[in-house]
Each structure stands twice: as C-alpha cells, then as structure tokens.
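Notes follow the structure.
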Amino acid sequence: MNNNSNKMFFLFILFFSTLISISSNSWFGCWIGLEINLLSFIPLISNSKNLLSVETSLKYFLTQSLASINFLFMILIKFSLLKNFNMNNIISIMMNSSLLMKMGSAPFHFWFPNIVEGLSWMNNFMLMTWQKISPMILLSYYFNKNFLIFMIIMNLIIGSLGGLNQTSLRKLLAFSSINNLGWMIFSIMISENLWLFYFLIYSMMISMMISLFFLMNMYFMNQLFINNMNFFIKLNLLINFLSLGGLPPFMGFMPKWIIINFLLINKFYFLIFIFMMTSLIIIYYYIRIIYSSFMFNYFKMKWVNLLMKNNMSLINLSSFISISSMILSTFIFM
Amino acid sequence: MLIYDIRFLFIYMFFVGNLIFVSKNKHLLVVLLSLEFIVLSIFFFFLVLLMFIDYDMYMLMVFLVFSVCEGSLGLSILVSMIRSHGNDYFQSFSML
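Chains as they are written, first to last, in our numbering: chain Z, 1317 to 1650; chain S, 4 to 99.
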C-alpha cells in the first residue's frame, strides 16, 4: 500500500512545511508549518502491516501534537501580554520547552530513542536531520539564554551517558543525535550562520553513516563483528564514526572547533569542560564499536555472503571527503 | 472559583487538558479527547483575543482547520492501532 508516489507526495509536503515555518512573518505561520510537518511525516512512518510501526507513529504523534499545541497556547499568551522584546522571561521558557520537545532535546527526549528504534534507516535520517531544522530556527527567534544553556548541559550529559549501555545501532545514533543537539543549540545562540554550517556538516556525516548501515542492512552492534565485511567498509566505518565524534583530522572536527573557539574567547570555561568531557565519552563508545569490528575474529560462513547492494565508489568518495575536507577547506582562502 | 480576568479560565482549561493528557489512562481515546479539549480552550482564547482586532476572525478559521486535521490524524492512528492490536488499551504497548 505504500508505494513511491505516496512517499514522494508526503516528502514534498514535508520539505515545504519546513520552508513555511522558517519563512513566516508571524508566530502563527510558524505553528502552521509545524502542524503540516507533523501531518506529512506520520504517513511516511506508519505502515499498517507492522505492530512496531503503529506504536512508533502513535508515540510520535502524541508527543509532537502535545508540543505544538502547547507552543500555540504560549504564542497566544505572549500575544495577549504583549511580551515581544524581553527574551528572558517565563513565556520564553515555555515556548522554548515546547520547541525542545519537538526536537527531542534533553529533558523531553524520552520518546526519541524509542521511536528511532522503530523506524527504518531512511525514516531515521529524515527524523534526525530534517525534522530538526524548523524547531531550531524557531528557537533562535525567541530564546531564553540561561534556560537554554542549562538545557545544553543536560543534552550533552544525557546524550553521552545514555549511549553507553546500548547495543542497537539506531539507539546509539539517537543518543549521539541528542548530544549533537546540545552543540547545535549552542551554535544557534551564537549565530545562525554557524548553526547552518554545523547542521550541514552533521547531516552530511549522519547521511554517510546511515547510508552505510542501510546498504549493509545493519541494525544491531553484533552484526558489525559477526559478518564477513570487507576491510574498506570497516575503515570507512571507522572514519565516519571518528568524524562524527569530532576528532581532529576529520571533517566533523571543524564545526566543533569553531564553537570551542567562540567559547574560549568569551570565557565560558565551565561549558567548555562539559563539552569536552561528554565528547570524550561519546568517542569512547564509538571506538568500542569499531574496536570490536576490527579485532574480533568473525565467522567465515560459507552460506551467507554479505552482498553490497551498490558499488563502493560513493562510499570511498565519502571517506575521502571526511578525511581531507578540513585540510582542503583551508585552501579556499588562498 | 473567582475569575478576575478571563485569561485565568483559559489557563485553567489548558492545564486541565494537559493534566488529562499526561495522566495514566486505560484507553488511548481519552488522550485524544484531552487533546481536543486543549484545542477547545485555545479556540476560546483565540476568539477573545481576536475580538480586540475588530472581529477579524479569519485566523481563527485557519487554526480550526489545522486542529481538525490534527484531530483526524490522531483518530486515524487510533484506527490503525485497533486494526493491528485489537483494542486501544495502553497496556498493549509492549514493543517499544
């Protein structure tokens, strides 16, 4: 029943809804964009032949509809009390809370790993990248700085500590996404341009990882070391994971570097400490996965061959971009 | 209950609707009904706010259309859940 023309239709409306939300002149237009986003994402993820996907779409609908209806109520309260200029009050806390709930950010993140567990990789990619755009940009219009810094700290800690006990790759990437949300919320408080830079690089890295997992049909960690993978696939996995964690020669270090630079110049020393330490925990559990994938002696089974569905050239290109882009980007200014 | 200002009524309705939404219920339909109750409170609030702009109620109609779409989406998910699980009890959520 789900054929491609349905998905194309709803994908088009999904893209359009984000554009409506971020380019509207009033808060009501933003709310309309968020509603259309919900209305068009639910048919993409619900597949009525499957118990798991019904539960997933139900949980997604309940949290997102609650968040958007609370958002609208807070917009009306803001309109009726005429609080348009001072951004550090309780109304901005409530509006930011409802937007953080839509994104899956820290105190309201409990639905996010559950739903990510129930979706396929392509739907996960949509959920982790595109669905974050419009709440982030709406967050930048009316944010409460102290509240958001507290939320950033919670995001980082929960994203790093929550992924330690996971064996499912989807939940691992979900907690990694929550951690990266902390970085992204801070970058949108600095400047929207920096957020765009971080978001583009983050979505590029996530797309490389998710396409690799999708091609090899991998959903759990034991599939990484049981199967008979090519060495270059494992190397590509290593490069992508380390790039996502933010290690220096890879592409993922660049946006984090710029944010750390800003933090140091403006003397946010405690925040730098938390950013660094939680990144360390995240890199620890990435390396734990890759370590097991490289070092364990896998079963060489005669009757199961891990076929690559497409050719390797795109994956090799993505590894090359991950390794070299930070150094090549310095050549732009020559 | 003493109402000094009409805004207290909307905030009270909104909080009661949220409270029922987050409470432990037996059926999913109660949750969807509480969502509609919140929508009703916002509808009332919107009406009173727009009365100060010389009866320009067009935004209210747009809001109503979108809330009805959202409510019908919730009902369709309820139907999908009943088709697969057999009932709409919250105790039948066991997979996630």
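From the three backbone atoms N, C-alpha and C, an ideal C-beta is built for every residue, glycine too.
> So which residues on chain Z does Met62/S lean against when the C-beta distance must stay under 7 Å?
Replying inline: Taking the second sequence and counting its residues from 1, one reaches residue 62/S at position 59. By Cβ distance, chain Z contributes Phe1344.
>> Taking the beta carbon of Lys29/S as the centre, do at least 16 other beta carbons fall within 10 Å, making it buried, or is it exposed?
In response: Counted from its first residue, the second sequence places residue 29/S at position 26. Classification of Lys29/S: exposed, given that the 10 Å Cβ count is below 16.
> What did DSSP end up calling His88/S once you bin it into helix, strand or coil?
Replying inline: As a working note, residue 88/S is residue 85 in the second sequence. In this structure, His88/S counts as helix in the three-state DSSP scheme.
>> Quick test of your reading: Asn1322/Z and Pro1359/Z, contact by CB under 8 Å. State the CB separation rounded to the nearest angstrom.
In response: Indexing the first sequence from 1 puts residue 1322/Z at position 6. Indexing the first sequence from 1 puts residue 1359/Z at position 43. Sure, about 7 Å apart at Cβ, within 8 Å.
> Any idea what DSSP makes of Ser1484/Z, helix, strand or coil?
Replying inline: To locate residue 1484/Z, count along the first sequence from 1; it is residue 168. In the three-state reduction of the DSSP assignment, Ser1484/Z falls in the strand class.
> Can you list, in chain order, the residues of the segment 19-43 of chain S whose Cβ is nearer than 7 Å to any Cβ on chain Z?
Replying inline: Those residues of the segment 19-43 of chain S placed with their C-beta closer than 7 Å to a C-beta in chain Z are Phe24, Val34, Leu38, Ile41, Val42, ordered along the chain.
> How many angstroms separate the CA atom of Lys1487/Z from the CA atom of Val51/S?
Replying inline: Indexing the first sequence from 1 puts residue 1487/Z at position 171. Indexing the second sequence from 1 puts residue 51/S at position 48. Roughly 45 Å separates the two Cα atoms.
> Does the Cβ-Cβ distance between Pro1571/Z and Phe1513/Z come in under 8 Å?
Replying inline: As a working note, residue 1571/Z is residue 255 in the first sequence. As a working note, residue 1513/Z is residue 197 in the first sequence. Cβ distance < 8 Å, so Pro1571/Z and Phe1513/Z count as in contact.
> Whose C-beta lies closer than 6 Å to the C-beta of Ile14/S among residues of the same chain, with five residues either side of it excluded?
Replying inline: Residue numbering aside, residue 14/S sits at position 11 when the second sequence is read from its first letter. So the list is empty, once near-sequence residues are dropped.
> Whose CA, out of Phe1459/Z, Met1467/Z, Ile1469/Z, Met1537/Z, lies closest to the CA of Gln1482/Z?
Replying inline: Counting from one through the first sequence, the residue named residue 1482/Z turns up at place 166. Ranking Phe1459/Z, Met1467/Z, Ile1469/Z, Met1537/Z by Cα distance to Gln1482/Z puts Met1537/Z first.
> In three-state terms, what does DSSP make of Leu1612/Z?
Replying inline: Locating residue 1612/Z in the first sequence gives position 296, where the first residue counts as 1. Contrary to the premise, residue 1612/Z reads as Phe rather than Leu in this sequence. It is coil, neither helix nor strand.
> Smallest Cα separation from Phe1610/Z: which of Phe1459/Z, Leu1480/Z, Met1545/Z, Ser1638/Z?
Replying inline: The residue you call residue 1610/Z lines up with position 294 of the first sequence. The residue from Phe1459/Z, Leu1480/Z, Met1545/Z, Ser1638/Z with its alpha-carbon nearest to that of Phe1610/Z is Met1545/Z.
>> Taking 8 Å as the threshold (C-beta atoms), are Val42/S and Ile1391/Z in contact?
In response: In the first sequence, the residue the question calls residue 1391/Z occupies position 75. In the second sequence, the residue the question calls residue 42/S occupies position 39. Not closer than 8 Å, so no.
> Considering only the beta carbon of each residue, do Leu1697/Z and Lys1418/Z sit closer than 8 Å?
Replying inline: What the structure shows of chain Z is the stretch from 1317 to 1650, and residue 1697/Z is not part of that stretch, so it cannot be assessed.
>> In the DSSP output, which residue or residues are listed as bridge partners for Phe1536/Z?
In response: Start at 1 with the first residue of the first sequence, and residue 1536/Z comes out as number 220. Looking at the DSSP output, Phe1536/Z shares a beta bridge with Ser1484/Z.
> At what residues does the alpha helix (DSSP H) containing Met1470/Z begin and finish?
Replying inline: On the first sequence, residue 1470/Z is found 154 positions in, with the first residue counted as 1. Its alpha helix (DSSP H) spans residues 1461-1478.
> From Tyr1458/Z to Phe1395/Z, what does the alpha carbon distance come to, in whole angstroms?
Replying inline: Counting from 1 along the first sequence, the entry for residue 1458/Z is found at position 142. Counting from 1 along the first sequence, the entry for residue 1395/Z is found at position 79. Just so you know, the alpha carbons of Tyr1458/Z and Phe1395/Z end up roughly 13 Å apart.
>> For the segment 1337-1354 of chain Z against the segment 1421-1441 of chain Z, do three or more pairs of beta-carbon atoms, one drawn from each stretch, fall closer than 8 Å, so that the two count as touching?
In response: Verdict: no, contact absent.
>> If distances are taken between C-alpha atoms only, which option among Leu1633/Z, Ser1635/Z, Ile1504/Z, Leu1489/Z comes closest to Ile1522/Z?
In response: Translated into the one-based positions of the first sequence, residue 1522/Z becomes position 206. Residue nearest to Ile1522/Z within the set Leu1633/Z, Ser1635/Z, Ile1504/Z, Leu1489/Z is Leu1489/Z (criterion: CA-CA distance).
> Taking a cut of 8 Å between CB atoms, which residues from the segment 1423-1434 of chain Z lie near chain S?
Replying inline: Within the segment 1423-1434 of chain Z, the qualifying residues are Asn1430, Ile1431, Glu1433, Gly1434.
> How would you call Gly1478/Z, buried or exposed, if buried means at least 16 neighbouring beta carbons within 10 angstroms?
Replying inline: As a position in the first sequence, residue 1478/Z is number 162, starting the count at 1. Classification for Gly1478/Z: buried.
> Should Pro1564/Z and Ile1639/Z be called a contact, given that it needs their Cβ atoms to be closer than 8 Å?
Replying inline: Position 248 of the first sequence holds residue 1564/Z. Position 323 of the first sequence holds residue 1639/Z. No. Outside cutoff.
> Interface residues of chain Z around Leu12/S at Cβ under 7 Å?
Replying inline: Here residue 12/S refers to the residue found at position 9 when the second sequence is read from its first residue. Correct list: empty, because the minimum Cβ distance to chain Z is about 13 Å.
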